[in-house]
Structures are given as C-alpha cells and as structure tokens.
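Beneath this line is the structure, given in structure tokens, with notes to follow.
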Amino acid sequence: MIDNGPSYKILFSPWRLTYIRRGLRGKLECFICQYLRENRDDENLVVYRSEKSVVIMNRYPYSRGHVLIAPKRHVPSIEQLDDDELLDYSIVLKATLEAVENVLEPDYVNTGINIGRVAGAGLEEHLHIHVIPRWYNYDRYVPDEFNEEEIFKDMLEICLNLRREITRILRR
Ligand SMILES: [Zn+2]
1 MIDNGPSYKI
11 LFSPWRLTYI
21 RRGLRGKLEC
31 FICQYLRENR
41 DDENLVVYRS
51 EKSVVIMNRY
61 PYSRGHVLIA
71 PKRHVPSIEQ
81 LDDDELLDYS
91 IVLKATLEAV
101 ENVLEPDYVN
111 TGINIGRVAG
121 AGLEEHLHIH
131 VIPRWYNYDR
141 YVPDEFNEEE
151 IFKDMLEICL
161 NLRREITRIL
171 RR
C-alpha cells in the first residue's frame, strides 16, 4: 500500500465557512483581498508579495508549510489573468516550489487548484493554487501537544523562512 504521508489533521475545510468576510465598509471581501489590503503580513502569515501575486500560509493546513499562491487581482480562474499576471504567477509558483523544497525538505509535494464559482455568498472565489509539502513517515503535521499559540509560532517561523528563501531565489 502506498503511504500517503502525513495524515490530514484537519479533514474538512472550515475556512470555507469564513472565507468571505465583510470588510471595513461592509463590503463582502475574501481573506486574500483582506490580507492584501491590510499591512500586517506577519500576523496574517503572508509569505511573499510580488508585483502581481501573493503567497500566503494556509491557516488550516493539510501539512506543515501548506501555502496558497494567488494573483493579487480577485479573479476566479486562470483564463482571466492577463499575460503579465500569468508570467508573474508562474515565476512566483516556481520560486515557491523551490523554496518549499529547500526550507521543508518534503519527500514530495502536492499541488492543486480549484477553478470556478465555489466560494458561495454570491462572490466568486479568489483563484489560488495549493502547495502542500508531504512526507512519507510523519503522521501529524505538528506535535499533538502544540496549542494554538505554538502552532501559530511554528507557522510564523516557516512563513519567515519561506519569505527569505523566495526573496533569495527571485533575486538570483
Ligand atoms: Zn479576493
């Protein structure tokens, strides 16, 4: 039997329920747009901002180092990106994959993308690609005894390490 690596500590996606929030002016806003608007990248676990894309730690990760890569513009699918956005997105995706390999040394990586109107609340989802580092022999993404604060500290440390590594890769 193939070992699928670390088990999913969280088997559902509660973030779907809080995906869309009301922003300052009562406007419906997704968390990606909210984080882009706010200037609290460490607190929001925003890993990296390029000119047209953003990398964010997934708050409800399937494994340690699970990140989302999104264009800055709120569009639901790849076809709506213009050529400049697509090029920027590809470069950031490639750098993020390399950074995840270097920082977390996973056995393999899952990536996935949902396309279409799945956000609900009458608002189209903000396009994002999941990058999920996986290991053969870990069965938890963080130790069981970690409390919420320790999990956040662990995620922030990974966030800062990935930021440093992506910055280094893109400066080459
Ligand atoms: Zn958005």
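Residue 158 in the working numbering sits at position 158 of the sequence shown, with consecutive numbering throughout.
Beta carbons: idealized from backbone N, C-alpha and C, even for Gly.
Are the beta-carbon atoms of I169 and A70 separated by less than 7 Å? In the sequence shown, counting from the first residue as 1, residue 169 sits at position 169. In the sequence shown, counting from the first residue as 1, residue 70 sits at position 70. No, Cβ-Cβ distance for I169 and A70 is not below 7 Å.
Near ligand 1: I32 beta-carbon under 6 Å from a heavy atom: Here residue 32 corresponds to residue number 32 of the sequence shown, with the count starting at 1. Flag set: Cβ of I32 near ligand 1.
Integer-rounded CB distance, given that V109 should sit under 8 Å from R134: For the purposes of this step, residue 134 is taken as residue 134 along the sequence shown, with counting starting at 1. For the purposes of this step, residue 109 is taken as residue 109 along the sequence shown, with counting starting at 1. Rounded to the nearest angstrom, the Cβ distance from R134 to V109 is 7 Å, consistent with a contact under 8 Å.
Determine the contact status of Y89 and S53, defining contact as a CB-CB distance below 7 Å. Position 89 of the sequence shown, counting from 1, holds the residue named residue 89. Position 53 of the sequence shown, counting from 1, holds the residue named residue 53. Yes, the pair counts as a contact, with Cβ atoms nearer than the cut-off.
Here's the rule: buried if 16 or more other CB atoms are within 10 angstroms of the residue's CB, otherwise exposed. What is L45? Within the sequence shown, residue 45 is the residue found at index 45, counting from 1. In the assembly as shown, L45 is a buried residue. Its beta-carbon has 16 or more other beta-carbons within 10 Å.
Opposite P71 in the DSSP bridges: which residues? Counted from its first residue, the sequence shown places residue 71 at position 71. Residue pairing by DSSP places P71 opposite S53 in a beta bridge.
Please confirm whether G112 has its beta-carbon closer than 7 Å to some beta-carbon of chain C. Within the model displayed, chain C is absent; a lone protein chain is all it includes.
Whole-Å CB distance - V47 paired with L162, under 8 Å assumed: Numbered from its first residue, the sequence shown carries residue 47 at position 47. Numbered from its first residue, the sequence shown carries residue 162 at position 162. Right, the Cβ-Cβ distance comes to about 5 Å (below 8 Å), so this counts as a contact.
Is it true that the CB of G112 sits closer than 7 Å to the CB of H178? There is simply no residue 178 to check, as the chain begins at 1 and stops at 172 in what is shown.
Output the distance between the C-alpha atoms of I56 and I166, rounded to the nearest integer angstrom. Along the sequence shown, one-based indexing puts residue 56 at 56. Along the sequence shown, one-based indexing puts residue 166 at 166. Going from the Cα of I56 to the Cα of I166 covers about 12 Å.
In whole angstroms, what is the alpha-carbon distance linking R59 and Q80? Reading the sequence shown from its first residue, position 59 is the one you call residue 59. Reading the sequence shown from its first residue, position 80 is the one you call residue 80. Cα to Cα, R59 sits roughly 26 Å from Q80.
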